[in-house]
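I have placed the structure first, in the form of structure tokens, so that the comments after it can refer back to it.
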């Protein structure tokens, strides 16, 4: 005899996760929420804690490293972000999004060719940073590398 490794499923009980979602009434039919009354079951969230119980300051540091791929081809992160509309422009300037849309409107084959290295010969390199911004990025990268090495060193403990 082979024992069963499955268990019967538990009935799904649905509750609204936010007050804006429709709630199931007593008769299990969806009912719109009345926004004119306040749900007394909602409680306020505690304030963000910045210090531990002993008074120590709590630090949280996150370092992200991106590796963007198209198949097996590695794409520089600034290219991947720029074709999604994220590139450096002045406040209120939407040319980055317009450039990204024009690039994507060429079609899937053209986009694949672009991602496989066509970006190197593209005339409108809207993803490139100005020399001043790139110099600042390189300067900050040196400090970030020290931080990353320090955090990596903590893994030994």
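Residue numbers (the numbering used here): 5 to 161.
Even for Gly, the Cβ is constructed at its ideal location relative to N, Cα and C.
Cβ-based burial, residue i [other Cβ within 10 Å; buried from 16]
i	result
residue 88	exposed
residue 145	exposed
residue 103	buried
residue 91	buried
residue 65	exposed
residue 82	buried
residue 128	exposed
Beta-carbon proximity list for residue i, same chain, < 6 Å, skipping 5 on both sides
i	result
residue 143	none
residue 79	72, 119
Endpoints, alpha helix (DSSP H) assigned at residue i
i	result
residue 83	81-86
residue 150	135-157
Cβ neighbours of residue i in the same chain (closer than 8 Å, five flanking residues each side left out)
i	result
residue 165	Outside the modelled stretch of the chain, which goes from 5 to 161, sits residue 165, for which no answer is possible.
residue 159	none
Beta strand (DSSP E) segment containing residue i, residue limits
i	result
residue 72	72-74
Nearest to residue i (by Cα), restricted to the options the options
i	options	result
residue 76	101, 121, 59, 69	121
residue 131	59, 101, 95, 58	101
residue 123	84, 70, 105, 60	84
Contact with chain C by residue i, beta-carbon distance below 8 Å
i	result
residue 123	Here there is only one protein chain, and chain C is not present.
Any non-hydrogen atom of the ligand HEM closer than 7 Å to residue i Cβ
i	result
residue 140	Summarising the ligand content, the structure contains no ligands, and the ligand HEM is consequently not present.
Exercise. Can you give, in chain order, each stretch of the alpha helix (DSSP H) that sits fully within the region 86-112 and has at least 4 residues?
Worked result: 99-108
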